[in-house]
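These protein sequence lines map, in sequence, to chains A, B and C. Final position of the first sequence in UniProt numbering is 571; the numbers increase by one with none missing. Final position of the second sequence in UniProt numbering is 379; the numbers increase by one with none missing. Final position of the third sequence in UniProt numbering is 356; the numbers increase by one with none missing. First the structure, in the form of structure tokens, and then the observations on it.
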Amino acid sequence: MEAVISTSTSPATATDNAVELEGITKRFPGVVANRDIRLSVRPGHVHAIVGENGAGKSTLMKILYGMQRPDEGVIRVNGSPIAFRSPADAIAAGIGMVHQHFMLADNLTVLENIILGSEPRRRGVGIDFALARAKIAEISAAYGLGVGPDVLVEDLGVGARQRVEILKVLYRGARILILDEPTAVLVPQEVEELFGNLRRLVDQGLTIIFISHKLDEVLSVADAITVIRRGTTVASVDPKDVTARQLAELMVGSELPSPETRESTVTDQVALAVRNLTVRDADGRAVVEDVSFDIHKGEVLGIAGVEGNGQAELVEAVMGMRPAQGVIKLGDADVSAWPTLRRREGGIGYIPEDRQRHGLLLESPLWENRILGHQTRKPNVKGPWIDRAGARADTQRIVTEYDVRTPGIDVDAAALSGGNQQKLIVGREMSGDPVVLIASHPTRGVDVGAQAAIWDHLRAARAAGLAVLLISADLDELIGLSDSLKVILRGRVVADVDPGHVTPERLGSAMTGAKDEITPAPPPATGVVPEPPGPATTGIKGGAVPEQPGPPTGGSPDQLGSAKADAGEEA
Amino acid sequence: MSSFSDRLLGRVRLGGLLAVAAPLLAIVFAGLVTSLILALTGNPPLETMKLLADYGAQSRTIVMIINLATTYYISALAVAIGFRMNLFNIGVDGQYRLAALIAAAVGGALVLPAPLHVGVTILVAVAVGGIWASIAGLLKVTRGVSEVISTIMLNAIATGVGAWLLTTDRLAVAVSGSNNIGTKPIPPSGQFPGFSLIPGTQAQVFGFVVIAALLGIGYHVLFNRTRFGFDLRATGKSESAAIASGVNVKKMVLLTMIISGAVAGLVGMPQLLGASYSYSLDFPPGLGFTGIAIALLGRNNPVGIAIGALLWSFLDNSSDILDLEGIPKEIVIIMQGTIVLSVIVAYELVHRYRLAAEQRRVSRELSTNAPAPLEGAAA
Amino acid sequence: MLRTHAGKLAATTAVGAMLMAAAACGGSSDTGTATSAPAASSASSAAPTGPKVGLAYDIGGRGDQSFNDAAAAGLEKAKSELSLADTKELEAGSGETGAQKEQRLRLLAQGGYNPVIAVGFAYSEAIKKVAKEFPDTKFAIIDDAAEGPNISNLVFAENEGSFLVGAVAALKTKKDHIGFVGGVQVPLIKKFEVGFTRGAQAVKPDIKIDVKYLTQPPDFGGFNDPAKGKTAAEGMYDAGADIVYQAAGGSGGGVFEAAKAAKGFAIGVDSDQALTADEGVRSVILTSMLKKVDVAVFDFLKSYTDGTVQAGVKVYDLKAGGVDFSTTGGQVDDVKNKVDEYKQKIIDGTIKVPAE
């Protein structure tokens with residue numbers, strides 16, 4: 001499917017580019033971070049870098065901003081090779097970073113925030129506020145940022161705070177700005193304003209590197225787009241030549257071995273039933289809203305959605321790690337009020353999304369990691385005592401059966417590669433004789449061999465009657481493994497999809513909200529294949545679809561839902 | 001990856017020889033710094049060290065070192081229990097003072113046969129320490145109050161409560177003819193007998209040294225052999241992973257705080273039941289803070305803490321001999337500080353070295369032992 | 001909090017709680033052997049042939065502006081007036097146990113130091129044990145009545161001295177409102193408070209007296225925290241007091257500063273602070289309650305060299321001249337006669353000053 005798009009990095013002459021990365025590779029113990037990254041950013045461009053979460057965008061940005069040093073490769077800024085030892089070096093080279101999470105002191109004024117750390121000195125001691133104020137006013141006017149220097153930051157809205165961040169970076173003399181997911185915190189109007197500001201900036205000759213996974217936004221603002229997948233740059237494209245669908249394909253990729261599982265093993269026994277599940281965040285906003293589904297024994301239910309649409313919260317609610325309203329039934333038992341441990345004991349296995357944070361004790365040996373999450377069950381414990389021999393023997397078994405490549409079970413989990421860590425987790429979660437497995441991005445950041453092995457294990461378990469809730473950003477994986485699919489958007493299930501009749505392109509479009517490009521024909525507009533009657537599908541679709549506002553042009557319709565809440569927060 | 005504080009608090013293990021390398025490195029370094037300071041202040045370093053060594057080798061000094069180390073050891077264990085799961089129990093100080101005061105009052109008032117009398121007194125101390133610490137635990141669990149803040153506050157409150165209780169109107173009796181006041185002395189049936197361990201002196205080693213050793217063993221067993229200990233360590237190493245594995249973190253916080261406080265309650269017991277038999281105005285304060293330093297020094301390891309406690313006690317006990325010889329006794333404090341700092345730095349260095357070495361080893365062993373095609377890149 | 005200043009305890013001045021306990025003295029004092037002891041212990045061939053004196057301070061040691069300093073002053077005087085072979089001063093550390101205090105005294109005794117003086121009641125238990133181990137060494141302890149055949153107890157009637165300055169305060173106040181700032185709330189300092197209160201009430205039964213202690217044990221920081229002293233005194237002056245008596249060791253400086261700022265007056269303690277305090281604040285010091293630790297230390301050493309050491313309690317009260325009030329600066333000249341009357345009544349027993 002890459003045929004559509006030229007995947008070659010444009011070999012523009014290095015001297016012309018504001019930023020030029022060549023063969024950047026960064027290794028971390030256990031994970032692929034960046035491999036052979038190539039990137040050419042022309043001056044005066046808004047250059048977007050898109051990729052899934054975990055594709056390596058943030059590492060790349062840290063390298064560019066001097067927070068991490070690449071193991072290999074060359075960075076050129078304005079044509080000359082440069083080695084950053086710290087962000088201070090990057091700032092000196094004219095590179096500034098606007099972080100996703102603002103780094104402002106609420107109780108200081110805009111002026112104070114901006115000069116904090118680079119105060120203009122008067123005779124070496126006093127702070128020259130007048131000079132700073134003049135300079136800020138000048139920059140603010142030049143780029144149309146419109147921020148008053150003497151307002152307290154706590155009185156500012158989110159959009160204005162972001163402009164302060166930009167101002168801060170400009171004040172330090174940056175000519176190249178890195179914006180990390182700048183729209184994540186903004187409501188649509190603010191996004192429009194931001195894009196207006198960005199245009200002003202590039203018109204004045206500045207260069208902007210814009211990181212996002214919101215394809216519509218990227219297409220509307222970028223002059224050039226580079227796609228990152230699995231730690232490497234896979235394509236550089238011109239937004240004029242590409243559709244959201246094609247970008248989605250590039251982001252997700254399809255060169256992987258097929259995870260196909262065709263002959264159905266679905267039974268009619270419901271293993272996990274979820275009814276009207278609603279999860280609220282700290283501000284009371286529903287991040288998962290009224291979600292219902294059944295998973296039968298031998299069934300894999302896939303949840304498709306752009307990240308950040310409630311999947312993580314849904315999983316945590318099912319695991320009992322996050323308070324939720326609604327009913328969760330495991331077999332016949334209502335487990336809604338059970339704590340996590342009891343749910344696990346009841347037969348829910350869990351492959352967490354972030355294995356390093358939720359799945360492993362990195363600084364503990366493998367055999368102790370075997371116990372994690374199973375610390376009440378054989379063969380790990382005898383009464384209140386840890387059964388070291390039992391746990392160790394069983395760890396050895398997992399290592400053998402799941403082909404975990406390790407010199408021994410006394411090695412710390414941190415020393416293993418990501419793929420082997422994941423195989424250990426899969427092996428562990430399968431060992432508890434689970435009835436239900438919650439698999440969140442089971443093959444993310446895992447190399448190809450391990451991925452195939454994990455798929456095999458999932459298929460085998462499914463055939464043996466396991467019910468699986470599969471969350472993945474890898475559409476091929478979702479379509480290939482799932483017996484049924486649901487699309488989640490803004491915390492609601494908006495569509496049911498038959499994995500047998502959907503292509504990654506269509507699914508991806510439904511997820512990214514770029515539905516108009518998929519099937520321009522029928523008004524229902526989700527572009528998703530009509531769902532053959534399946535378990536627990538009725539009602540959901542009907543309720544959700546009409547809510548989708550008809551998007552005029554550009555913008556990002558999938559933001560509207562949150563717009564209200566955001567505005568509320570701001571007030 | 002482990003954070004610096006994980007390594008600082010010894011939640012990250014170092015294996016084999018490296019575990020020994022770090023403290024050795026640190027002590028050698030501390031020795032060098034101290035020598036330098038001695039030389040700069042015009043005192044001969046070698047002779048000073050010899051003086052310390054000779055003094056430390058005397059029978060009576062050894063008894064004193066062991067006795068003081070017993071107290072330090074229990075204090076450091078109490079701190080270490082919290083450290084193992086990221087709880088900074090700064091309140092050991094207040095916990096043991098209050099526990100010792102109330103236990104002393106109860107012990108002084110009771111008339112019971114010997115073993116029972118001692119047992120009840122100790123139980124009271126354990127209970128008071130645990131209850132006092134549970135306040136900080138409850139505040140953290142229910143209101144999210146940092147235990148650092150609350151235990152510091154509780155120390156101040158314990159001082160106030162202690163001062164209020166330790167008056168002749170309440171728990172104290174005047175020591176005849178003295179400006180001191182203290183609780184009623186505990187009768188012989190409530191005293192914990194010492195024994196002669198070191199030949200060549202009549203000074204007796206606290207019987208409590210046995211209890212301290214048992215506590216150390218219990219600590220090891222609790223953390224390494226029980227489910228509870230596993231949950232506790234898991235929470236300390238990665239709270240997020242512990243939650244995902246089903247650990248009830250709030251319950252663990254509360255329990256850990258109570259256990260830490262209960263052990264803290266014992267800190268004053270060697271002194272109370274083995275030497276002073278009364279809690280008076282000059283009951284040693286500040287032991288809880290010494291415990292923090294020693295827990296850091298011993299990397300929360302029961303054997304490491306024992307060595308740290310002995311070293312600390314040795315240095316504390318040597319200050320007088322230095323003073324007597326005209327060498328500034330403050331040198332001891334400098335040594336203690338330098339040792340703690342160097343241990344932290346040395347462990348950090350060794351940890352980094354070990355992490356890199358283990359990763360190299362894993363990839364090397366995999367490439368030699370498993371000629372089968374390796375997966376992926378050198379992820 | 002990391003370092004509570006544990007030992008400044010015995011701090012400022014001590015009232016003769018055990019005035020009558022003096023009866024306990026005499027017990028088994030064997031002056032005969034005592035005199036022979038120094039010869040044995042100072043067998044060294046050093047030039048001066050006098051005794052080697054060991055002094056063990058409580059926490060703070062020299063420089064605490066309190067009784068450690070007073071003891072040091074006594075030692076200094078002895079050095080210049082008596083022929084001492086050697087002196088050795090050791091100092092307590094914070095948070096130490098009784099065993100460490102014992103060891104300190106033991107090291108001194110072992111090192112041939114005789115006599116050995118322990119400063120502060122914290123050495124009470126320690127000195128009893130060590131004195132038993134070294135029957136040929138003479139020990140002295142300040143502010144404590146620990147018994148032993150070779151222990152001399154140097155105790156003070158702080159309540160009597162405080163009675164006199166209380167009377168001064170009551171006679172000089174224009175607002176019938178005075179204050180007392182104690183360093184740490186321990187029985188020793190309580191004696192100052194009681195004496196002061198009684199003295200003031202003897203003059204004006206309805207006088208208003210504010211009382212404030214800076215810290216509570218085991219936090220002995222109240223003896224060394226001028227800022228706390230200042231705050232406490234400021235509160236009293238603001239509330240209408242015009243004279244404040246401080247028994248707070250090193251914190252007293254803060255009380256004087258507050259007095260100066262409030263244009264009020266203060267009363268010093270231990271030494272004649274109109275001579276020893278910072279020059280800027282001397283003018284506010286009406287008088288000082290003198291607790292002559294230096295005299296006691298010197299007397300003890302003198303008796304040792306004379307071979308007349310007596311074990312048991314020696315009470316430094318008004319009668320013995322161990323406590324008194326100062327008249328430096330002449331600010332109390334107008335009431336001196338009146339106060340001297342009280343002094344005489346206490347000496348002849350017509351007035352009994354309670355200690356608690």
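Every residue, glycine too, gets a C-beta built ideally from N, C-alpha and C.
Span of the alpha helix (DSSP H), counted from its first residue to its last, around residue i
i: C:Ala99; result: 98 to 110
i: C:Thr287; result: Unbroken run through C:Thr287 is the beta strand (DSSP E), 285 to 291; no alpha helix (DSSP H).
i: A:Val151; result: No alpha helix (DSSP H) holds A:Val151; DSSP gives it neither H nor E.
Where residue i meets chain C, residues with beta-carbon distance less than 8 Å
i: B:Gln271; result: Thr97, Gly98
Residue i, enclosing beta strand (DSSP E) - first and last residue
i: C:Tyr316; result: 312 to 316
i: A:His47; result: 46 to 50
i: C:Ala118; result: 116 to 119
i: B:Ile327; result: Segment: none, B:Ile327 is in no beta strand (DSSP E) and carries neither H nor E.
i: B:Asp93; result: No beta strand (DSSP E) contains B:Asp93, which is instead part of the alpha helix (DSSP H) from 92 to 109.
i: C:Gly54; result: 52 to 57
i: C:Ile243; result: 243 to 247
Under the three-state DSSP convention, the category residue i falls into
i: C:Asn337; result: helix
i: A:Phe84; result: coil
i: C:Ala320; result: coil
i: A:His296; result: strand
i: C:His177; result: strand
i: A:Pro365; result: strand
i: C:Lys230; result: helix
i: C:Glu89; result: strand
i: A:Ile518; result: For A:Ile518, the predicted structure reports a pLDDT of 37, less than 50, and the residue's modelled location is therefore unreliable. A value from the coordinates is still provided. The answer is coil: DSSP assigns A:Ile518 none of H, G, I, E or B.
i: C:Ile351; result: coil
i: C:His5; result: Interpretation of C:His5 is limited by its pLDDT of 37, a score under 50 that renders its predicted location unreliable; the figure taken from the coordinates is listed afterwards. If DSSP states are grouped into helix, strand and coil, C:His5 belongs with coil.
i: A:Gln325; result: strand
i: C:Gly182; result: strand
Proximal residues of chain C, C-beta to C-beta of residue i below 9 Å
i: B:Asn317; result: Ala99, Gln100, Gln103
Listed by chain order, chain A residues near residue i by CB distance under 7 Å
i: B:Lys237; result: Leu361, Glu363, Ser364
Whole-Å CB distance - residue i paired with residue j, under 8 Å assumed
i: A:Pro434; j: A:Leu458; result: So it is not a contact: roughly 12 Å between Cβ atoms.
i: C:Asp242; j: C:Lys174; result: 6 Å
i: A:Thr233; j: A:Ala18; result: No, A:Thr233 and A:Ala18 are not in contact; Cβ-Cβ is about 17 Å, not under 8 Å.
i: C:Leu275; j: C:Phe325; result: Actually they do not touch by this definition, with Cβ atoms about 14 Å apart.
i: A:Ile209; j: A:Ile176; result: 7 Å
Closer than 7 Å at the beta carbon, the chain C residues around residue i
i: residue 382 of chain B; result: Given that chain B is displayed from residue 1 to residue 379, the structure contains no residue 382 of chain B and the question cannot be resolved.
i: B:Ile344; result: In chain order: nothing, as chain C lies at least about 18 Å away.
i: residue 419 of chain B; result: Look at the range of chain B in this structure, 1 to 379, and you will see that residue 419 of chain B is not part of it.
Bridge partner(s) assigned by DSSP for residue i
i: A:Asn34; result: A:Lys26
i: A:Trp385; result: A:Lys382, B:Thr226
i: A:Leu437; result: A:Gly349, A:Val468
i: C:Asp144; result: B:Ser178
i: A:Leu485; result: A:Gly302, A:Val497
Neighbouring residues, chain A, relative to residue i (Cβ below 9 Å)
i: B:Arg227; result: Ile371, Gln375, Thr376, Asn380, Val381, Gly383, Pro384, Trp385, Ile386
i: B:Phe230; result: Glu368, Ile371, Leu372, Gln375, Asn380, Val381, Ile386
Partners in chain B for residue i, counting only beta-carbon separations shorter than 9 Å
i: A:Thr207; result: None at all; the shortest Cβ gap to chain B is about 31 Å.
i: A:Pro339; result: Gly246, Asn248
Cross-chain neighbours of residue i in chain B, by beta carbon under 7 Å
i: A:Ala444; result: The amino acid occupying residue 444 of chain A in the given sequence is Arg; Ala does not appear at that position. By Cβ distance, chain B contributes nothing, its closest Cβ being about 13 Å from A:Arg444, past 7 Å.
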